[in-house]
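In terms of the working numbering, the sequence shown is residues 1 to 84. The structure under discussion appears below in the form of structure tokens.
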Amino acid sequence: MVQVTIERQVFDISRQDVERVLEKLEPEPLKGRAKYYIEHNGEKYPIKQVVAEVTGLPRIAFTAKHAYDVLTKLGFDVKEISEK
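As structure tokens, this is what we get:
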């Protein structure tokens, strides 16, 4: 479990919390500013989409660095989109 503070709110997030969200979440396309993702069941999920869904916060409330740190601390392999 990881404890993270975002927008003065403290969240205790476990790997199981993230996996539960991923089971129900439709991944958004990786385009625009979304450069980092995690894979689950063959799908690629933008990291900010995942953390926003787990915390209930809008994506503007935290950075990709916050999302990256949370997910890597929980053991997820965060990958970067290859430039085309």
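For every residue, glycine included, the Cβ atom is placed at its ideal position computed from N, Cα and C.
Three-state secondary structure assigned by DSSP to residue i
| i | result |
| --- | --- |
| E28 | coil |
| I81 | coil |
| K99 | The shown model of the chain, from 1 to 84, leaves out residue 99, and the question about it has no answer. |
| K73 | helix |
| K48 | helix |
Between the CA atoms of residue j and residue i - distance to the nearest angstrom
| i | j | result |
| --- | --- | --- |
| Q3 | P27 | 25 Å |
| V78 | V18 | 13 Å |
| Q9 | G56 | 11 Å |
Identity of the residues DSSP links to residue i by a beta bridge
| i | result |
| --- | --- |
| Y5 | A small correction: the amino acid at residue 5 is Thr; Tyr does not occupy that position in the sequence shown. Looking at the DSSP assignment, T5 forms a beta bridge with V10. |
| E39 | K44 |
Contact set for residue i: own chain, Cβ-Cβ below 6 Å, skip 5 residues either direction
| i | result |
| --- | --- |
| K84 | Unreliable placement is indicated for K84, whose pLDDT of 49 sits below 50; no coordinate value is reported for it. |
7 Å Cβ shell around residue i - same chain, five flanking residues per side excluded
| i | result |
| --- | --- |
| H40 | L22 |
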